[in-house]
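Worksheet: the structure to be examined is printed underneath.
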Amino acid sequence: MDKILLGCSSCLLGKEVRYDGGHKYDSWVVDTLGAFADYFDLCPEHQCGMPIPREALNLKGSKDDYRMLSNKTAHDFTDQMLNWCAPRIEELRKLPLCGYILKSKSPSCGMERVKVYPLHGGAAGKTGVGIFARELLAAFPLLPVEEEGACTIPYCAKTSLNESL
Ligand code: SF4
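For the sequence shown, our numbering begins at 181 and goes up steadily by one.
Laid out in structure tokens, this is it:
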């Protein structure tokens, strides 16, 4: 049986690319869905030029206008990430992708409900979309895209990624 090709956040495959040098290996993604899919993985933070380990990042601003800043030094990585995203999106267009699995809650990869912190303090709202995820979703409006946990929910699996299998 030929496997389908899915895009995936690198840390979900066990690659140690996270800000703390760790990974977020997801056995459902790797072992279960991996029986039917090959993965083309990207780590937007590392591949856009950030080291491992690195400062943790957060989305900061308002619900409709936020930037991606490092937590301690408040360096703005938004443009660096966007500059990396543009050519990557064009590369992705050349691949026979059937879907994409994104790491939840990430300021880069999170697909929905990512925390956005007010610039001058206060409680975060779960209203953001990761910077890479936002570019991906805009460029591929018809591509089935899910976060790692959502893929295992029967309804989501039935209606999106699994339709590609
Ligand atoms: S969530 Fe995305 S940017 Fe963060 S470590 Fe995983 S692949 Fe890299």
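For every residue, glycine included, the Cβ atom is placed at its ideal position computed from N, Cα and C.
Item                                                                                            : Value
Cβ-based neighbour list, Gln260, same chain, cut-off 7 Å, excluding 5 preceding and 5 following : Cys228 and Gly229
Inter-residue Cα distance where the pair is Phe312 and Leu185                                   : 19 Å
Rounded separation between Trp264 and Pro231 - CA only                                          : 15 Å
First and last residue of the uninterrupted alpha helix (DSSP H) at Ile269                      : Thr258 to Arg273
Assigned exposure category for Gly187 - 16 Cβ within 10 Å defines buried                        : buried
Beta-ladder partner(s) of Met248, from DSSP                                                     : Leu239
Cβ pair count under 8 Å reaching 3, the stretch 241-251 against the stretch 313-328             : no
Below-8 Å beta-carbon distance, Gly214 vs any chain C residue                                   : Protein chains in the displayed structure number just one, and chain C is not present.
Pro224 beta carbon near ligand 1 (any heavy atom closer than 7 Å)                               : yes
Three-way DSSP call (helix, strand, coil) for Val209 in this model                              : helix
Close beta carbons around Lys285, own chain, < 7 Å, minus the five adjacent residues each side  : Val294
heavy atom of ligand 1 below 7 Å from Lys295 C-beta                                             : no
For Tyr297: DSSP bridge partner residues                                                        : Lys240
Proximity test, Val197 beta-carbon vs ligand 1 heavy atom, cut-off 7 Å                          : yes
Status (buried if at least 16 other CB within 10 Å, exposed otherwise) for Tyr335               : Because the pLDDT of Tyr335 is 47, which lies under 50, any placement of that residue in the model is unreliable, and the number read from its coordinates should be weighed accordingly. Result: exposed.
Alpha-carbon to alpha-carbon, Leu316 and Ala217                                                 : 20 Å
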